[in-house]
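Peer 1:
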């Protein structure tokens, strides 16, 4: 529609295809992207060049296809390394794609850096080599990677331990500079809710139970007006695929749910122990707000919508 209106001069579809054919996009780290990042870094301040490296994997359908232009078969595990494989077995096809991207801490910069195809998992040793290579390439481009963010997949946990990261010292060194390991907050939120539904949470001498949240819904759902209107039956039952929904977990472990638990506990409609569950829910909500923001200073009434600063 924009092109037909002649308000903006756009290239034809053929021109776009011709340009994209000259860009190699394949497994491994993309050389063209890093060359462009070097140019971009020259126009950014030192603060805006502080970045987070994010890594995540997803299951893909195993299949084999042929590209006549390059006379190559695609679908085998491939990390982009120039290793000659004499025989590729059609029984050993890639079933997972691991992607790596860069995200600005203070800026809106977002850039994919590469992807890797593997069968089941890369393995902790190979994944650690890739992470270190990514960090070195990002530094060479003029940026400052300070954090490695990923989910709590078994390979990621093992890789972090092999790199030297511990709960007391949550970082590892690459060429003498620290890189902090952080489990990404959406997965932490989901895991906290899922584990609370399976078993009680013990913290600071208190016990939190999902039974209290179920009782809260039973009481509040028949009240008028409702104190926790965003808490629905789906948040309690968790039908298939809902355990992966971050927004549902955030609504379940929210400040409004914590406040409602305290209210019904004080009114006698819930047992007094529900206050301990309220304290746990409020703690998780504040931690999620803290880890899910880039603001240095609060600009709203919610004082936890800012990251932690030493001695504050």
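Residue numbers (the numbering used here): 1055 to 1366.
Each residue gets a CB set at the ideal place from its N, CA and C atoms; glycine is no exception.
1) Find out if the Cβ-Cβ distance for the pair residue 1336, residue 1312 is shorter than 7 Å.
2) Determine the direct distance from the alpha carbon of residue 1273 to that of residue 1318, and round the result to whole angstroms.
3) Where does the unbroken beta strand (DSSP E) through residue 1367 begin, and where does it stop?
4) Indicate the three-state DSSP secondary structure (helix, strand or coil) for residue 1231 in the structure shown.
5) Could you tell me which whole beta strand (DSSP E) segments of length 3 or greater appear in the segment 1230-1302?
6) From the DSSP secondary-structure annotation, give me the bridge partner or partners of residue 1165.
7) Where does residue 1132 fall in DSSP's three states?
8) Among the candidates 1306, 1330, 1303, 1304, whose CA atom is the shortest distance from the CA of residue 1316?
9) Specify whether the segment 1194-1210 and the segment 1104-1113 touch according to this definition: at least 3 beta carbon pairs, one from each stretch, less than 8 Å apart.
10) Roughly how many angstroms lie between the CA atoms of residue 1090 and residue 1096, to the nearest whole one?
11) Between 1146, 1160, 1195, which has its C-alpha nearest residue 1414's C-alpha?
12) Can you have a look at residue 1072 and say buried or exposed, based on whether 16 or more other CB atoms are within 10 angstroms of its CB?
Peer 2: Quick look at the numbers:
1) yes
2) 9 Å
3) This structure gives no information on residue 1367, because the portion of the chain shown stretches from 1055 to 1366.
4) strand
5) 1231-1237, 1255-1257, 1260-1262
6) 1156
7) Residue 1132: strand per DSSP, three-state reduction.
8) Answer by Cα proximity: 1330.
9) yes
10) 10 Å
11) As displayed, the chain neither begins before 1055 nor continues past 1366, which places residue 1414 out of reach and without an answer.
12) exposed
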